[in-house]
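Down below is the structure, laid out as structure tokens.
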Amino acid sequence: MGNDNTIQFNIPKDKEDLTKEILTEVYDSLIKKGYNPVNQLVGYLISGDPTYITNYNGARSLVRKLERDEILEEVLKAYLGIK
Numbered sequence: 193m194g195n196d197n198t199i200q201f202n203i204p205k206d207k208e209d210l211t212k213e214i215l216t217e218v219y220d221s222l223i224k225k226g227y228n229p230v231n232q233l234v235g236y237l238i239s240g241d242p243t244y245i246t247n248y249n250g251a252r253s254l255v256r257k258l259e260r261d262e263i264l265e266e267v268l269k270a271y272l273g274i275k
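Residues 193 to 275 in our numbering are what the sequence shown lists, from first letter to last.
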């Protein structure tokens, strides 16, 4: 008799894709709440204070899934066109 349980295999998302997805969701939540998303994200990235990010749609907990230095790394690579 074999094992009848199904094993789920998850391939982790590429860090770049995950960062973009999370930042896009956070950006959208900040826009919907009337904030300037660039200013708020810069404030968060510089200070580390999560209150720069709204709780709306879980944006604050989403952005905290990423390390700030990793966010900056991905943003800088995208800006410079580096893979």
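Where a beta carbon is used, it is the ideal one built from N, C-alpha and C, also for glycine. What you are looking at is a predicted structure, and each value in this text was computed from that prediction instead of being measured.
With DSSP run on the structure shown, which of helix, strand or coil describes residue i?
i: Lys207; result: helix
i: Asn247; result: coil
i: Arg256; result: coil
i: Ile263; result: helix
i: Ile214; result: helix
i: Asp241; result: coil
i: Tyr227; result: coil
Taking a contact to mean a Cβ-Cβ separation below 9 Å, would you say residue i touches residue j in this structure?
i: Leu254; j: Tyr244; result: no
i: Asn228; j: Leu237; result: no
i: Arg235; j: Arg260; result: The sequence as given places Gly at residue 235; Arg does not occur at that position. Cβ distance not < 9 Å, so Gly235 and Arg260 don't count as in contact.
i: Glu262; j: Lys207; result: yes
Looking only at its chain, what residues have a beta carbon closer than 8 Å to the beta carbon of residue i, apart from the 5 residues adjacent to it on each side?
i: Glu217; result: Asn249, Ala251 and Leu254
i: Lys275; result: Lys269
Label residue i either buried or exposed according to how many other C-beta atoms from any shown protein chain fall within 10 Å of its C-beta, with 16 as the threshold for buried.
i: Thr198; result: exposed
What residues in its chain sit with their C-beta under 6 Å from that of residue i, if we drop five residues either side in the sequence?
i: Lys225; result: Thr246 and Tyr248
Just tell me which of the options has its CA closest to the CA of residue i.
i: Ile214; options: Asp196, Glu265, Pro242 and Lys257; result: Lys257
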